[in-house]
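As structure tokens, the structure follows; a few thoughts come after it.
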Amino acid sequence: MKDDNLLLTLCLVFAPLSLMAIGGGSSILGELQHSVVDDRHWLTNKAFLDMFAISRVAPGPGTLIVTLMGWHLAGWAGAIVSTIAIFAPSSLLVIVIAHFWHSRPDAAWQGALVYGLAPLAAGLVLSSVLALLSNAKGGWIAWCVAIMVAVAARRVRLGPLTLMVVGSVLFCGLLMAVG
Numbered sequence: 004m005k006d007d008n009l010l011l012t013l014c015l016v017f018a019p020l021s022l023m024a025i026g027g028g029s030s031i032l033g034e035l036q037h038s039v040v041d042d043r044h045w046l047t048n049k050a051f052l053d054m055f056a057i058s059r060v061a062p063g064p065g066t067l068i069v070t071l072m073g074w075h076l077a078g079w080a081g082a083i084v085s086t087i088a089i090f091a092p093s094s095l096l097v098i099v100i101a102h103f104w105h106s107r108p109d110a111a112w113q114g115a116l117v118y119g120l121a122p123l124a125a126g127l128v129l130s131s132v133l134a135l136l137s138n139a140k141g142g143w144i145a146w147c148v149a150i151m152v153a154v155a156a157r158r159v160r161l162g163p164l165t166l167m168v169v170g171s172v173l174f175c176g177l178l179m180a181v182g
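Numbering (our numbering), first residue to last: 4 to 182.
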């Protein structure tokens with residue numbers, strides 16, 4: 004991709020998303036997909052989903068998808084700039100909030116912040132799930148498996164690895180039964 008200011012643009016796209024990542028990196032996937040696929044056309048939906056899959060199986064945080072995007076768009080410099088842009092703003096914000104949090108341990112705003120951000124984080128994660136499932140090629144089978152795994156996670160309390168295996172087997176079984 005030819006863009007004289009690509010590194011700056013990567014920083015300007017990913018840094019604000021860093022501050023929106025309340026609830027973890029999964030909470031910004033919907034907006035990330037919208038920014039890089041729909042708005043800027045840096046990636047196709049398939050390329051985005053491929054990078055998402057790679058970032059999920061790789062060790063480390065899920066926001067490493069941004070590193071893959073930066074590398075894809077601008078090589079090593081893009082990978083480094085994108086990684087710094089996605090991790091630095093939120094890390095600095097956590098340091099500042101932690102300072103105030105510990106200096107005023109009984110402040111009323113702490114409870115309000117915790118209770119206020121919980122539904123926001125849940126909504127952001129759900130919007131990311133919606134964006135990913137809408138662009139996946141699994142169709143209604145993917146939706147059904149996702150719902151069943153979510154219910155199982157809540158009711159049976161299985162670990163994430165077990166849920167991934169169960170979901171994969173369920174998806175493949177349904178896919179073979181239907182197709």
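The C-beta atom is built at its ideal place from N, Cα and C for all residues, glycine as well.
Computed from a predicted model, the values in this text were never measured in an experiment.
_Proximity below 9 Å, CB of L138 to CB of F51_ = A small fix is needed here, since residue 138 is Asn in this sequence, not Leu. Result yes, Cβ atoms of N138 and F51 sit closer than 9 Å.
*Could you say if the stretch 104-115 and the stretch 36-43 meet the contact criterion of at least three C-beta pairs nearer than 8 Å?*
no
*Do you know offhand how far L35's Cα is from F90's?*
14 Å
*asked:* Rounding to the nearest angstrom, what Cα-Cα distance links V60 and G126 in this structure?
replied: 24 Å
*Of the residues L15, T12, G170, G27, the one placed nearest L120, counting alpha carbons only*: G27
*Decide if the stretch 95-105 is in contact with the stretch 69-82; the criterion is three or more beta carbon pairs, one per stretch, under 8 Å apart.*
no
*Counting Cβ pairs closer than 8 Å, one from the stretch 171-178 and one from the stretch 142-149, do we hit at least three?*
yes
*Please work out which residues of its chain come closer than 8 Å, Cβ to Cβ, to A153, disregarding the five sequence neighbours upstream and downstream, and give them in chain order.*
none
_Would C14 and I100 be called neighbours here (beta carbons separated by less than 9 Å)?_
no
*If we count the other Cβ atoms within 10 Å of its Cβ and call it buried at 16 or more, is T70 buried or exposed?*
buried
_Checking 9 Å against the spacing of the C-beta atoms, do P19 and P122 come in under that value?_
no
*Kindly indicate which three-state DSSP category H75 falls into: helix, strand or coil?*
helix
*asked:* My output table needs one value for D70: the three-state DSSP class, helix, strand or coil.
replied: Per the sequence shown, the amino acid found at residue 70 is Thr instead of Asp. Three-state DSSP puts T70 in a helix.
*Near A149, which residues of its chain fall below 8 Å by C-beta distance, leaving aside the five closest residues on each side in sequence?*
V132, L136, G170
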